[in-house]
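Numbering (the numbering used here), first residue to last: 148 to 383. We put the beta carbon where it would ideally sit given N, CA and C, even for glycine. The structure displayed is predicted, hence computed values, not measured ones.
Okay, here's the thing in structure tokens:
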């Protein structure tokens, strides 16, 4: 935390950037395909419903497995937040990309939401049945959106907030992404709470870029990390 911005230079080898984007976007799509089997599931008796945290773990298990098979441990680290960390920082996990010089090139702080029905459901790091969790949950009334924004600002310019949406209304098996800074403009313009702004952005935005294109833009520092515009990130 508090690290200096990395040098605004492209990675030495352009092929390295392409290789990273290829593997990581492939891992994200693979994990999304596996997770898709659980999205939109409806139990006629109403007894079974995948919990948000369970969906996160399913996604990450398949993502990490794909990356391990490709041998990318030297330049990508996946850090799943503990319940306490997720509560404090608003991130469910962090992807850290390393350069060949062992310096951090990019960090993606990820927060997941379920939006197959409205209002969107956040992953819940706090267990209300546990006394310690209740105490942690009462320390602040800030939303997880605000906490993620503060966390990214604290880390520095190389950290980008990313929402991954599991399911959208009418398309329960769609998986999309939204960059935090795209939503921030909407919250300021429309004076909307963060979670509401995410939902409106997903429902009203027609243009998109691929997750591979987003990664390539960020890792090459082309146009800066946050110049994504009013687009959502197409994953699945």
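| said: Let me check one thing: in DSSP terms, what residues is residue 385 bridge-paired to? | reply: Residue 385 is absent from the structure shown; the chain starts at 148 and stops at 383.
| message | Tell me the rounded alpha-carbon separation between residue 190 and residue 196. | response | Here residue 190 refers to the residue found at position 43 of the chain shown. Here residue 196 refers to the residue found at position 49 of the chain shown. Looking at the two C-alpha atoms, the distance is approximately 7 Å.
| request: Would you give the residue range spanned by the beta strand (DSSP E) that residue 250 belongs to? | output: Here residue 250 is taken as the residue at index 103 of the chain shown, counted from 1. Careful: residue 250 lies outside any beta strand (DSSP E) and carries neither H nor E.
| Helix, strand or coil at residue 196 [DSSP, three-state] | Against the chain shown, residue 196 aligns to sequence position 49. Residue 196 falls in the coil class under three-state DSSP.
| task | Measure the alpha-carbon distance for residue 323 versus residue 214 and round it to whole angstroms. | result | Residue numbering aside, residue 323 sits at position 176 when the chain shown is read from its first letter. Residue numbering aside, residue 214 sits at position 67 when the chain shown is read from its first letter. Rounded to whole angstroms, residue 323 to residue 214 spans 20 Å at the Cα level.
| message | Distance check for residue 365 and residue 146, CA to CA, integer angstroms please. | response | Residue 146 lies beyond the residue range present for the chain, which begins at 148 and ends at 383; the question has no answer from this structure.
| query | For residue 236, which beta-bridge partners are listed by DSSP? | reply | Numbered from 1 along the chain shown, position 89 holds the residue referred to as residue 236. DSSP lists no partner for residue 236.
| Between residue 345 and residue 381, what straight-line distance do the alpha-carbon atoms span, to the nearest angstrom? | One-based indexing of the chain shown puts residue 345 at position 198. One-based indexing of the chain shown puts residue 381 at position 234. Each residue's alpha carbon lies about 15 Å from the other.
| field | Other residues of its chain near residue 315: CB distance less than 8 Å, five sequence neighbours each side excluded | value | In the chain shown, the residue the question calls residue 315 occupies position 168. Excluding sequence neighbours, residue 315 sits near 262, 263, 321, 323, 349, 350.
| What's the call for residue 162, buried or exposed, on a 16-neighbour Cβ count within 10 Å? | Indexing the chain shown from 1 puts residue 162 at position 15. Residue 162 comes out exposed.
| Going by the CB atoms, is the gap between residue 310 and residue 182 shorter than 8 Å? | The count along the chain shown starts at 1 and reaches residue 182 at position 35. The count along the chain shown starts at 1 and reaches residue 310 at position 163. No.
| request: Could you check if residue 289 is buried or exposed, using at least 16 other CB atoms within 10 Å of its CB as the buried criterion? | output: As a working note, residue 289 is residue 142 in the chain shown. The residue in question, residue 289, is exposed, as its Cβ has fewer than 16 Cβ neighbours within 10 Å.
| request: Check whether the Cβ atoms of residue 175 and residue 358 lie closer than 8 Å to each other. | output: For the purposes of this step, residue 175 is taken as residue 28 along the chain shown, with counting starting at 1. For the purposes of this step, residue 358 is taken as residue 211 along the chain shown, with counting starting at 1. Yes, the Cβ-Cβ distance between residue 175 and residue 358 is below 8 Å.
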